[in-house]
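A.B. asks: Okay, handing you the structure first.
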Amino acid sequence: MRSTAHQRDDPATWDVARPERASRVAGVTMAGFGVRNLAALRMVPHPALTMILEFGAGQPIVDDAAGREQRGSLVTGLGFGFAGAVRARGDNVVCVQVRLSPPIARAVLGASPADLQGAAVPLEELWGREATRIREQLSEISSWQERFALTDAFLARRGEEGPAVDPEVAWVWDRIVVGRGLVRVDSLAAELGWSRKRLWSRFRSQIGLQPKLAAKLVRFDQAVHRLVAGEGAAQVAADSGYADQSHLHRDVAAFTGVTPTTVASEPWLTVDDTAWPATRDTRAR
């Protein structure tokens with residue numbers, strides 16, 4: 004467990020734990036968090052679905068753009084937090100956070116990512132009593148590695164039983180991620196021998212975003228983490244396929260609601276190198 008302070012004005016100490024072993028489920032990564040005072044943390048869109056399995060004394064609270072409030076264990080749709088309009092808060096929050104690559108999410112959740120419509124959904128709505136059961140089991144375990152093992156076994160079982168995405172759709176997602184978002188989607192459709200309309204329809208219904216927007220999200224994620232690492236915006240823009248620095252600025256503002264300079268110190272992003280080292284490859288491997 005590593006403790007790191009990530010908020011400047013109102014410091015919140017994040018206790019972060021990482022699994023010692025990779026998940027048995029391709030496309031699943033996990034981290035453990037303990038946060039005593041989580042105050043209005045801006046959620047930044049990520050090219051994976053985010054699942055929160057909470058089991059502490061307090062509950063995480065997510066306030067979305069429509070003014071809705073979700074408490075407790077939940078899962079968010081792909082790209083959740085667009086425009087920086089979503090905040091997470093809570094006291095004494097302890098949870099396992101899971102990132103699900105979109106091609107595996109359908110099987111694990113038992114529902115298409117498209118059904119989440121970019122929202123935060125209580126896990127009870129998807130899993131019923133199972134969501135309560137795993138929370139209770141996690142609360143009875145004192146070791147983070149045992150918690151990760153329990154969660155991994157649970158997700159593996161669901162992944163084996165759930166519906167798979169079309170292999171062609173998984174292949175397109177893989178190509179988008181490998182290409183860091185710098186791909187021509189029409190060319191991918193041609194490689195498959197599919198029409199543009201067919202690819203758009205299948206991808207949207209099974210992944211949750213149109214392929215072009217998915218590529219923009221992957222490119223944004225790669226670029227914004229380079230900004231967090233301290234690289235200059237001009238160089239990041241040039242290397243990431245943006246037309247110029249202004250183009251990067253517009254994309255960052257669209258996804259986060261803030262400038263590249265501000266986003267470089269966002270706690271939601273700066274904790275990543277501690278919680279998810281070298282795991283920004285969101286492919287279904």
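Just so we're aligned, residue 4 is where the sequence shown starts under this note's numbering, counting upward by one.
Cβ atoms here follow ideal geometry from the backbone N, Cα and C, with glycine treated the same way.
(1) Is the beta carbon of residue 30 closer than 8 Å to that of residue 107?
(2) Under the three-state reduction of DSSP, which class applies to residue 170: helix, strand or coil?
(3) What residue range does the beta strand (DSSP E) around residue 67 cover?
(4) Spell out a yes or no on whether the region 45 to 63 and the region 83 to 97 are touching, meaning 3 or more CB-CB pairs, one atom from each, closer than 8 Å.
(5) Who does residue 36 pair with in a DSSP beta bridge?
(6) Compare the C-alpha of residue 295 against each of 167, 212, 226 and 166 and name the closest.
(7) Give the secondary structure of residue 93 by DSSP, where H, G and I count as helix, E and B as strand, and everything else as coil.
(8) If we call anything under 8 Å between Cβ atoms a contact, is residue 244 one with residue 229?
(9) Can you tell me which of the three DSSP states residue 144 falls into?
(10) Hey, residue 166 and residue 109 are a contact pair by Cβ (cut 8 Å); roughly how many whole angstroms apart?
(11) If you run the structure through DSSP and keep just helix, strand and coil, what is residue 24?
(12) Roughly how far, in whole angstroms, is the beta-carbon of residue 3 from the beta-carbon of residue 214, given that I think they are within contact range, below 8 Å?
(13) Please name the residue, chosen from 121, 97, 130 and 101, that lies closest to residue 112 on a Cα-to-Cα basis.
(14) In three-state terms, what does DSSP make of residue 185?
(15) Count the other C-beta atoms from every protein chain shown that fall within 10 angstroms of the C-beta of residue 20, then say buried if there are 16 or more, exposed otherwise.
(16) Can you tell me which of the three DSSP states residue 41 falls into?
(17) Return the bridge partner residues of residue 103 from the DSSP annotation.
(18) Counting Cβ pairs closer than 8 Å, one from the region 92 to 107 and one from the region 53 to 71, do we hit at least three?
(19) For residue 236, report the span of its alpha helix (DSSP H) as first-last.
(20) How many angstroms separate the CA atom of residue 192 from the CA atom of residue 240?
(21) Enumerate in chain order the residues of its own chain whose CB-to-CB distance from residue 142 is below 7 Å, with the five nearest sequence positions on each side excluded.
(22) What residues in its chain sit with their C-beta under 8 Å from that of residue 90, if we drop five residues either side in the sequence?
(23) Where does residue 232 sit, in a helix, a strand or coil, going by DSSP?
(24) Assuming contact is defined by CB atoms lying nearer than 8 Å, are residue 61 and residue 18 in contact in what I supplied?
(25) Could you tell me the alpha carbon to alpha carbon distance between residue 291 and residue 189, rounded to whole angstroms?
(26) What residues in its chain sit with their C-beta under 7 Å from that of residue 168, if we drop five residues either side in the sequence?
C.D. replies: With the structure as the only source:
(1) yes
(2) Residue 170 falls in the helix class under three-state DSSP.
(3) Premise fails: residue 67 is in no beta strand (DSSP E) and is neither H nor E.
(4) Counting C-beta pairs with one atom in each stretch, the region 45 to 63 and the region 83 to 97 have three or more that are closer than 8 Å, which means they touch.
(5) Residue 36 pairs with 19 and 98.
(6) For the chain, the structure presents residues 4 to 288; residue 295 sits outside this window and is missing.
(7) Under the three-state reduction of DSSP output, residue 93 falls in the strand class.
(8) No, the pair does not count as a contact, with Cβ atoms beyond the cut-off.
(9) coil
(10) Between residue 109 and residue 166 the Cβ distance is about 6 Å, and since that is below 8 Å, they are a contact.
(11) coil
(12) In the structure as shown, the chain begins at 4 and stops at 288. Residue 3 is therefore absent and cannot be evaluated.
(13) 130
(14) coil
(15) buried
(16) strand
(17) 31 and 52
(18) yes
(19) 236 to 242
(20) When the Cα atoms are used, residue 192 and residue 240 turn out to be separated by approximately 27 Å.
(21) 58
(22) 43, 44, 45, 46, 65 and 66
(23) Note: residue 232 maps to coil in three-state DSSP.
(24) no
(25) The chain is shown from 4 up to 288; residue 291 falls before or after that span and cannot be answered.
(26) 106, 109 and 209
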